[in-house]
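Working notes, beginning with the structure itself.
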Amino acid sequence: MGPKNKRAALAEAMGMPAGFGPDMNYQRPFMDVRELISSLWRERNHVMAAVAAALILAALYLLITPKTYTATAQILIDINRPLTGEAQSMNSDTTRFMMGPVIDSQVEIMRASRILRRVIEKIDYQHQDDAVAPETPAEAPKAPAVTAAGNAADAAEREDAMLASVAKFQQNLDVRRKGLTLILLIQFSDRDPEIAARGANAVVEEYLADRERTEQQASKRAIATLSARIAQARKDITDGETRLQKLSNDNNLVSAGGATLDEREVAETSSQLTIARAEETRLLADLQQWEAQSKDTTGITTIGKLGDARRNHEVARNQVELLEAKFNVLKQAFAAKSTVMNTYTELQKETQTTRDNYLAMVARVKQLEMERNYSMLDIQMLDSAGVPQGPSSPNFPLVLAGGLLAGLGIGVTFALIRNHISTVLRTPSQVQGSLGVPHIASLRQLSSKNSDPFTLLGTHPNSQFVQGILLIHRFLAEIRSSGQRVIAVISVNDGDGKSTIASALAQYAAAITHQKTALIDCDTHQRTLSSRFAPDSPHSFAQVIDGSLTPAGALIDPPSCAFSICTAPREENTLGNIEMLMSQAMTKFVKAIGREYDLVILDTAGLLKNVETRALIGMADIVIMVVDARTTTVEDVAAIKDLAPDLENKLAGVVLNHVS
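Here it is as structure tokens:
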């Protein structure tokens with residue numbers, strides 16, 4: 008069974024569809040996070056560059072942006088103060104529902120143009136964004152003659168300047184409610200901290216003065232209006248009483264107890280007549296009783312009482328007749344005066360109504376004078392604005408934090424896009440898809456503390472690097488037959504780490520599994536292994552090629568190494584060395600070493616740029632490719648497949664090196 012069939016069978020038997028070795032199952036969900044973190048770590052330089060650029064831009068913004076200072080004053084608006092009189096009855100049930108609208112209204116009043124105009128004049132605030140440098144005395148034009156048109160133009164120009172200042176002031180003024188409290192924050196910003204403090208305090212002062220002035224004017228207008236109406240009512244009362252007096256004198260209408268004398272006399276006569284009629288009726292009943300009960304009509308007693316009863320009844324009847332005659336006369340006289348009486352009564356009622364209105368207005372004026380300095384809103388300044396010690400804009404921490412976040416966002420986005428469009432082989436699944444061979448192991452880049460693989464083999468047997476070498480050796484032991492002893496370690500480019508892996512594999516095979524191992528440095532360009540293990544060796548495979556040395560004589564045993572090594576010739580004639588590697592004699596040398604050793608490892612040069620490596624692939628029984636997860640691309644793999652036709656049949660697996 009060939010290497011290709013053996014590796015496929017081994018991968019299938021071990022349930023490894025994407026490769027062989029400690030590769031990670033990238034189909035598990037959490038591996039996506041690890042892949043993301045690995046991608047960002049690989050592109051950390053770009054991310055850091057984006058963050059640095061963003062921070063530099065933020066610093067430049069902080070340097071060129073003018074500093075703005077903000078001063079803050081606080082006032083309290085209490086709309087729950089106790090109310091008295093009519094105000095209490097009208098507003099006791101609505102105050103709590105009007106809290107929000109009342110405070111919002113005060114905010115708009117504070118930003119009103121009429122208040123800001125007085126503030127601007129008070130602090131001499133100027134809109135200087137478009138200020139023009141004054142002319143020199145020599146260039147100043149002569150003052151024009153004062154005309155009406157000139158005055159109008161000056162007035163229009165001043166008004167435009169005022170409007171610009173008001174607009175600028177409103178832009179820099181911020182009035183807002185502090186949370187859900189009844190406190191208003193008045194903030195004013197300016198490049199000059201003193202102007203900022205003066206502006207905020209002036210707004211509060213002018214607002215309070217404007218409010219007091221408005222309330223005083225309203226009270227004055229109400230009192231003046233009521234005073235005019237009181238004067239008119241007083242005049243109307245005087246006129247009404249004069250007319251009543253004249254009407255009473257002309258018609259003998261004397262009022263007493265709310266009625267005229269004629270009315271009272273008619274009422275009294277009617278009452279007397281009623282009483283007289285009742286008395287006459289009673290006396291008549293007595294007379295009739297005496298007449299009916301009397302039996303002794305001749306007796307002196309009966310005759311005396313009957314006579315008294317008749318006389319009393321006669322007197323009562325005469326009294327009734329007199330009162331009836333008087334009542335008729337009075338009624339006729341009262342009827343004659345009825346029109347005058349009606350006029351008198353209406354005039355009397357009108358005068359009384361005017362008098363009542365007069366008294367009500369007098370009472371209202373006294374109430375207004377008492378509440379003249381009373382307001383439903385109790386407004387007081389809590390804190391005046393002090394001169395700010397530090398600028399409010401630009402906000403240094405916020406700008407720097409924004410720059411940092413923006414740089415991170417741009418850098419991470421760029422890194423993800425770069426990673427997405429990159430064709431570099433970074434994962435076992437990508438290696439499997441591009442090469443169609445098992446992934447043997449993934450090796451991380453050795454740190455500076457653990458840069459010597461031989462030290463790791465002896466001191467850190469459980470390290471990830473040593474475990475990777477162990478898997479490579481196990482993989483080779485599984486797929487190669489007894490006659491397959493020559494292993495070529497290749498890579499796409501130089502510097503992919505194949506020499507380190509080849510030497511560590513040789514040391515592991517010789518020291519741990521006690522295989523007789525030979526390591527041949529075929530990289531005549533770098534000579535990494537020759538310089539590392541036998542820098543002073545006088546022999547190389549060049550002497551074997553020219554026949555001056557036997558194959559066994561070209562191998563030496565370096566100190567502290569369990570394997571033998573054949574060094575590469577020095578770069579005295581690079582083209583000659585390349586010819587030697589591609590010669591038939593080199594093939595014989597490799598086969599001769601393979602007969603003497605259990606394992607022969609060939610360290611080659613980068614396949615993409617060195618043609619001699621293609622010949623070495625033909626000399627090897629099994630080829631292991633080292634793929635640098637930082638630089639090797641899909642295009643590189645396609646190129647080496649075209650350059651080395653024998654690679655597909657001899658390539659057993661791939662070692663992914665420098666994994667993040």
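Residues in the sequence shown are numbered from 8 upward in steps of one, following this note's numbering. All residues carry an ideal CB built from backbone N, CA and C; glycine is no exception.
Checklist entry - At what residues does the alpha helix (DSSP H) containing valine 211 begin and finish? => result 200-257
Checklist entry - Going by DSSP, what residues sit across from valine 607 in a beta bridge? => result Val493, Ala525
Next on the checklist: Give the list of continuous alpha helix (DSSP H) stretches no shorter than 4 residues that lie fully inside the segment 322-410.
Outcome noted: 345-377
Item to check | Supposed close pair isoleucine 608, aspartate 653 - CB separation, criterion 8 Å | outcome: Not confirmed; about 18 Å, so no contact.
Item to check | Per-residue DSSP class, three states only, for arginine 118 | outcome: coil
Item to check | Spatially closest choice to leucine 737 from Ile122, Leu215, Ser538, by CA coordinates | outcome: Residue 737 lies beyond the stretch modelled for the chain, which goes from 8 to 667, so this question has no answer here.
Next on the checklist: By alpha-carbon positions, which one of Lys333, Ala238, Gly247, Glu298 ends up nearest to leucine 366?
Outcome noted: Ala238
Item to check | Cβ pair count under 8 Å reaching 3, the segment 225-232 against the segment 189-208 | outcome: The segment 225-232 vs the segment 189-208: no contact.
Checklist entry - Do you know how far the Cα of valine 551 is from the Cα of serine 544? => result 14 Å
Item to check | Rounded straight-line distance, which links the Cα of glutamate 219 to that of asparagine 364 | outcome: 30 Å
Item to check | Run of the beta strand (DSSP E) containing alanine 77, from where it starts to where it stops | outcome: Reading the sequence as shown, one finds threonine at residue 77 and not alanine. Counting along the chain, the beta strand (DSSP E) containing threonine 77 begins and ends at 76-85.
Checklist entry - CB tyrosine 68 to CB alanine 203, shorter than 8 Å? => result The Cβ-Cβ distance between tyrosine 68 and alanine 203 does not fall below 8 Å.
Next on the checklist: I'd like the span of the beta strand (DSSP E) that includes histidine 467, first residue to last.
Outcome noted: From DSSP, histidine 467 is part of no beta strand (DSSP E); its letter is neither H nor E.
Next on the checklist: Just to check my reading of the structure: phenylalanine 334 and leucine 280 have Cβ atoms closer than 8 Å, yes? What is that Cβ distance to the nearest angstrom?
Outcome noted: 5 Å
Next on the checklist: DSSP has arginine 451 in a bridge; who is on the other side?
Outcome noted: Val666
Checklist entry - Using the rule of at least 16 other Cβ atoms within 10 Å of the residue's Cβ for burial, across every protein chain shown, is isoleucine 600 buried or exposed? => result buried
Item to check | Three-pair Cβ contact test at 8 Å for the segment 626-634 versus the segment 532-539 | outcome: no
Next on the checklist: Just verifying my parser: in three-state terms, what is the DSSP assignment at methionine 106?
Outcome noted: helix
Item to check | Enclosing alpha helix (DSSP H) for serine 510 [first to last residue] | outcome: Per DSSP, serine 510 belongs to the alpha helix (DSSP H) from 505-518.
Next on the checklist: Suppose contacts are defined by Cβ-Cβ distances below 8 Å. Is serine 498 in contact with glycine 613 by that definition?
Outcome noted: With respect to the 8 Å criterion, serine 498 and glycine 613 are classified as neighbours on the basis of their beta carbons.
Checklist entry - For the candidate residues Leu291, Val369, Asn664, whose alpha-carbon lies nearest to that of leucine 233? => result Val369
Checklist entry - So what does DSSP say about methionine 626, is it helix, strand or coil? => result helix
Item to check | Assigned exposure category for valine 139 - 16 Cβ within 10 Å defines buried | outcome: Annotation note: pLDDT 40 at valine 139 (below 50); position unreliable, no value reported.
Next on the checklist: Using only CA atoms, which one of Val40, Arg41, Glu50 lies nearest to valine 431?
Outcome noted: Among Val40, Arg41, Glu50, the Cα nearest to that of valine 431 is on Glu50.
Next on the checklist: Spatial neighbours of glutamate 642 within its chain, please: C-beta separation below 7 Å, excluding the five flanking residues on both sides.
Outcome noted: Thr430
Checklist entry - Rounded to whole angstroms, how far is the Cβ of arginine 451 from the Cβ of valine 666, which I believe are closer than 8 Å? => result 5 Å
Checklist entry - CA-CA distance, leucine 407 and asparagine 52? => result 20 Å
Next on the checklist: Please report the straight-line C-alpha distance between leucine 329 and serine 278, rounded to a whole angstrom.
Outcome noted: Counting only the Cα atoms, serine 278 lies some 14 Å from leucine 329.
Checklist entry - Where does the unbroken beta strand (DSSP E) through leucine 192 begin, and where does it stop? => result 190-197
Checklist entry - Which whole-angstrom value describes the C-beta separation of glycine 414 and leucine 62, a residue pair presumed to lie in contact below a C-beta threshold of 8 Å? => result 6 Å
Checklist entry - Could you give the distance in angstroms between the alpha-carbon of glycine 314 and the alpha-carbon of isoleucine 282? => result One C-alpha to the other measures close to 23 Å.
Checklist entry - What's the C-alpha gap between alanine 659 and alanine 511? => result 19 Å
Checklist entry - Looking at C-alpha atoms only, which residue of Thr72, Met117, Val54 is the closest neighbour of isoleucine 84? => result Met117
Next on the checklist: Pop quiz: alanine 392 and alanine 80 are said to be a contact at Cβ under 8 Å. What is the actual Cβ separation, rounded to whole angstroms?
Outcome noted: 4 Å between Cβ atoms; contact.
Next on the checklist: Report the CB separation of phenylalanine 540 from cysteine 568 in whole angstroms; it is logged as a contact under 8 Å.
Outcome noted: 6 Å
Item to check | Which of helix, strand or coil DSSP assigns to aspartate 553 | outcome: coil
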